[in-house]
Amino acid sequence: MNHKVFSKWFQDALLPNLTRPSLIVMDNAKYHSKVVDKPPNSSSRKDEIIEWLNNHDIQYEKAMLKAELLELIQRNKPQTKYEVDEIVKKHGHRVFHLPPYHCHFNPIELIWAQVKEYVARSNRKFNITEILQLTKEGLECVTESDWKKVVDHTKNIILDAWKNEGLMEDSVEQMVINIGNDSSSEEDSESDSSDNEEEERGSNVSGIFPLSPVAERVLDFDEL
Numbered sequence: 000m001n002h003k004v005f006s007k008w009f010q011d012a013l014l015p016n017l018t019r020p021s022l023i024v025m026d027n028a029k030y031h032s033k034v035v036d037k038p039p040n041s042s043s044r045k046d047e048i049i050e051w052l053n054n055h056d057i058q059y060e061k062a063m064l065k066a067e068l069l070e071l072i073q074r075n076k077p078q079t080k081y082e083v084d085e086i087v088k089k090h091g092h093r094v095f096h097l098p099p100y101h102c103h104f105n106p107i108e109l110i111w112a113q114v115k116e117y118v119a120r121s122n123r124k125f126n127i128t129e130i131l132q133l134t135k136e137g138l139e140c141v142t143e144s145d146w147k148k149v150v151d152h153t154k155n156i157i158l159d160a161w162k163n164e165g166l167m168e169d170s171v172e173q174m175v176i177n178i179g180n181d182s183s184s185e186e187d188s189e190s191d192s193s194d195n196e197e198e199e200r201g202s203n204v205s206g207i208f209p210l211s212p213v214a215e216r217v218l219d220f221d222e223l
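Under numbering that gives the first Met the number 0, the residue at position 128 of the sequence shown is numbered 127, and the numbers go up by one with no gaps.
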């Protein structure tokens, strides 16, 4: 699969069959994530960087080095826009981009598993013609009830993940607080020189950071 093939299927096959405003769930595959007006990066030529700055009316000094121009872009670059998002907006739909390595947040993964199981169970000739036919049959066997079950199941997975992420965040914060309290106790019981050593050890919590939420919001699958 590549972006050209995906884009053609998306616009010619999928969108015409969405008869009402829909929420389209996508993973972060490269062909899903083509960026519109992608800013230059460190591998870009200096003239490409300057052209981008000119196109966006961003002021710069001619004597600036490449690194300085890139820093200027970082301070002024717009929010990332994906080509697929811009396309669906024109048709009244929205795209929900899953975080990396979270395909299990997409209910269609379970539907595909059901279809593939049907193909594997029914395959006798092991040729492409039969596999194509069995795939079509497997898709036709998917019912509205099947979809409701996998959507409800996936929604619960997301809710559990969000709750567990919050618990982990609270645990890390509690860990940091305890470390701080321990160092304070040791300061009270040690001499002045030991105080400094213990305080230094107690405040060394590098590598311990609060975790961000799994998502800004729980995906409302009722919109599907």
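Beta carbons: idealized from backbone N, C-alpha and C, even for Gly.
- When beta bridges are read from the DSSP output, Phe9 appears opposite no residue.
- For the 9 Å CB-CB criterion, Ser21 and Arg120 do not form a contact.
- Taking all protein chains in view, the Cβ of Leu52 is crowded by 16 or more other Cβ atoms within 10 Å, so the residue is classified as buried.
- Contact between Thr134 and Val114 is confirmed by a C-beta separation of about 6 Å, below the 8 Å threshold.
- It is roughly 12 Å from the alpha-carbon of Leu69 to the alpha-carbon of Asp46.
- With a beta-carbon spacing of about 19 Å, Asn122 and Ile110 fall beyond the 8 Å limit used to define contacts.
- By the C-beta criterion, the stretch 77-88 is judged to be in contact with the stretch 20-35, since at least 3 inter-stretch pairs fall below 8 Å.
- If you look at Val94, you'll find it in the beta strand (DSSP E) that goes 93-96.
- Sequence-distant partners of His2 (beyond 5 residues in either direction) whose C-beta falls short of 6 Å from its own C-beta, in its chain, are Tyr30, Lys33.
- Between Val87 and Leu14, the CB-CB gap stays under 9 Å.
- Ranked by how close their Cα comes to the Cα of Ala28, the residues Ser144, Trp146, His96 have His96 in first place.
- Under the three-state reduction of DSSP, Leu64 is assigned to coil, being neither helix nor strand.
- When secondary structure is reduced to three states using DSSP, Leu22 falls in the strand class.
- Contact annotation: His90 and Asp26 have beta-carbon atoms that are not nearer than 9 Å.
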